[in-house]
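Here's the structure we're looking at; comments come further down.
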Amino acid sequence: MLTNLKEQPKDKILGLMAMYREDPRQTKVDLGVGVYKNAEGVTPVMRAVKTAERKIVEEQITKAYTGLAGDPVYSEAMIDMLLAQSVDKARLAAVATPGGTGAIRQAFELIKTANPKARVFVSDPTWPNHVSILNHLGIEMVKYRYFDAETRGVNFDGMMEDLAEVTGDDVVLLHGCCHNPTGANLNLTQWQSVIDLINDKACLPMIDIAYQGFGDGLEEDAAATRLVASSVPELLIAASCSKNFGIYRERTGLLIAMSEKAENTAIAQGNLNHLNRQNFSFPPDHGARVVATILTDDTLKADWMAELEETRLGMLALREQLASELQRLSGSDRFGFLAQHRGMFSQLGTTPDMVEKLRVDNAIYMVGDSRMNIAGLNKNSVPILAQAIVDAGI
Ligand code: PMP
2 MLTNLKEQPK DKILGLMAMY REDPRQTKVD LGVGVYKNAE GVTPVMRAVK TAERKIVEEQ
62 ITKAYTGLAG DPVYSEAMID MLLAQSVDKA RLAAVATPGG TGAIRQAFEL IKTANPKARV
122 FVSDPTWPNH VSILNHLGIE MVKYRYFDAE TRGVNFDGMM EDLAEVTGDD VVLLHGCCHN
182 PTGANLNLTQ WQSVIDLIND KACLPMIDIA YQGFGDGLEE DAAATRLVAS SVPELLIAAS
242 CSKNFGIYRE RTGLLIAMSE KAENTAIAQG NLNHLNRQNF SFPPDHGARV VATILTDDTL
302 KADWMAELEE TRLGMLALRE QLASELQRLS GSDRFGFLAQ HRGMFSQLGT TPDMVEKLRV
362 DNAIYMVGDS RMNIAGLNKN SVPILAQAIV DAGI
């Protein structure tokens, strides 16, 4: 039977990583994989995470299963961090999931259960896994215009025109902050217009938030999600702790379903628990426990926030250095968007041929759609990248 299987498409980023490893050039720069790296090229374990892990090792007395929804202390701490006081907590159901990906996957499954006719509107471009999970689940996907290839900002008029096609059966998927792959984000006035459209169409919004704290700050990055939560009747949120806690391999995420009325919460919670049960039963606990330990301890939380802020400011400084270096070398302001983008990524907005040229000529590795991981740079590689971009005539 297994001989019936067909080859799955290769993961482009993993292929790129392999090529990078084999490249002997000393000056090679890896802007591919979406993992934060410090100036030394290391993805560090954050200080507060180490401390929390030590505490857990010392104090944990059992590794018996948690509840199906995971540890409620984790869900509550995450809900506070994401939503603060923006909604009545009695309207929220939540489950711990294996990473943000697990939350997204189950959000889509919940949508399919609630309305098999639902289509999911996704930004063009979006994180490729959104597309492949929707395809995998056989959910119809509709792309809405998002990235303006000219300005490298959001094509807001195009986005709103395309979202005008949404019906009450549909879901609009939005990135809460730090859009992946483009780095281009809506401002709060634009978010308000999207909210008005969602309410007008009576469709279901879904927010994927995987980079809270990587853009403008922990509170600032949650502002749009809070605005949506306080303005719409129903909402799904898929959150990831992989980046902001640096616990990629621990697979730590949260799926929140906000119902219109508190009396619907128990049914929503039951459905979320059911999805966990069918997919993997109990969610992984270690990462969730680390996050809960940090968020419920004032000292640890302050230390985590300080390190997250250093991380964010480091990426911002690299953006500014790159934009100004490009300004100097090209004598033009056309790369100013790099300093305006937020989060770990920026889409340079060039062709796959140019991306390939940068790899062949300069050992600069970025994804074919010209997404660059800004955290893959350091002070010394910024001038190398800027020179290569200008030399290539981008
Ligand atoms: N959403 C987006 C937009 C992402 O970029 C990522 C990570 N690359 C995720 C969700 C999920 O991350 P994870 O499953 O590692 O928590």
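Quick note on the numbering used here: the sequence shown kicks off at 2 and runs consecutively.
In this text, a Cβ means the ideal position worked out from N, Cα and C, and glycines have one as well.
Among residues of its own chain, excluding the 5 on either side of residue i, which ones have a beta-carbon nearer than 8 Å to its beta-carbon?
| i | result |
| --- | --- |
| G216 | C178, C179, N186, D222, R313, R343, G344 |
| M161 | S194, V195, L198 |
| N136 | M142 |
Say yes only if the C-beta of residue i is nearer than 8 Å to one or more non-hydrogen atoms of ligand 3, and no if none qualify.
| i | result |
| --- | --- |
| N374 | Looking for ligand 3 in the displayed structure turns up nothing; the ligands present are ligand 1. |
Output the distance between the C-alpha atoms of residue i and residue j, rounded to the nearest integer angstrom.
| i | j | result |
| --- | --- | --- |
| I210 | I62 | 33 Å |
| R252 | A289 | 9 Å |
| T52 | V292 | 11 Å |
| G139 | Q279 | 18 Å |
| Y249 | N116 | 32 Å |
| N381 | G214 | 25 Å |
| I365 | L32 | 7 Å |
| S371 | E311 | 26 Å |
| D304 | V58 | 20 Å |
| R48 | E308 | 8 Å |
| A323 | N39 | Residue identity check: residue 323 is Leu in the sequence provided, not Ala. C-alpha separation (whole angstroms): 16 Å. |
| K401 | E8 | Only positions 2 to 395 of the chain appear in the structure, and residue 401 is not among them; the question remains open. |
| K262 | D171 | 20 Å |
| T190 | I375 | 27 Å |
| D81 | V383 | 37 Å |
| G337 | D12 | 31 Å |
| I14 | V34 | 6 Å |
| S347 | M79 | 27 Å |
| L359 | V391 | 11 Å |
| K90 | E151 | 42 Å |
| T28 | N363 | 8 Å |
| V361 | L317 | 28 Å |
| S331 | A387 | 9 Å |
| N188 | A225 | 8 Å |
Classify residue i as buried or exposed, calling it buried when 16 or more other Cβ atoms lie within 10 Å of its own Cβ.
| i | result |
| --- | --- |
| A108 | buried |
| I284 | The amino acid occupying residue 284 in the given sequence is Pro; Ile does not appear at that position. Answer is buried; the Cβ neighbour count reaches 16. |
| I268 | exposed |
| H131 | buried |
| V155 | buried |
| R92 | buried |
Hey, could you find the ends of the alpha helix (DSSP H) residue i is sitting in?
| i | result |
| --- | --- |
| Q86 | Here Q86 belongs to no alpha helix (DSSP H), and DSSP marks it neither H nor E. |
| L189 | 189 to 202 |
| G159 | 157 to 164 |
| V291 | 287 to 296 |
| I390 | 382 to 392 |
| A1 | With the chain covering only 2 through 395, there is no way to say anything about residue 1. |
| N136 | 129 to 138 |
| K302 | 299 to 331 |
Excluding sequence positions up to five away, which residues of its chain have a Cβ less than 7 Å from the Cβ of residue i?
| i | result |
| --- | --- |
| V36 | T44, Y249 |
| T98 | A104, Q107, G254, L255, L256, P284 |
| G100 | S241, S243, R252, T253, G254 |
Taking 6 Å as the limit between beta carbons, can you name the residues of its chain near residue i, skipping five residues before and five after?
| i | result |
| --- | --- |
| V356 | M367, G369, S371 |
| F157 | Q191 |
| L205 | V172, E235 |
At which residues does the beta strand (DSSP E) containing residue i begin and terminate?
| i | result |
| --- | --- |
| I62 | Counting along the chain, I62 falls outside any beta strand (DSSP E), and DSSP gives it neither H nor E. |
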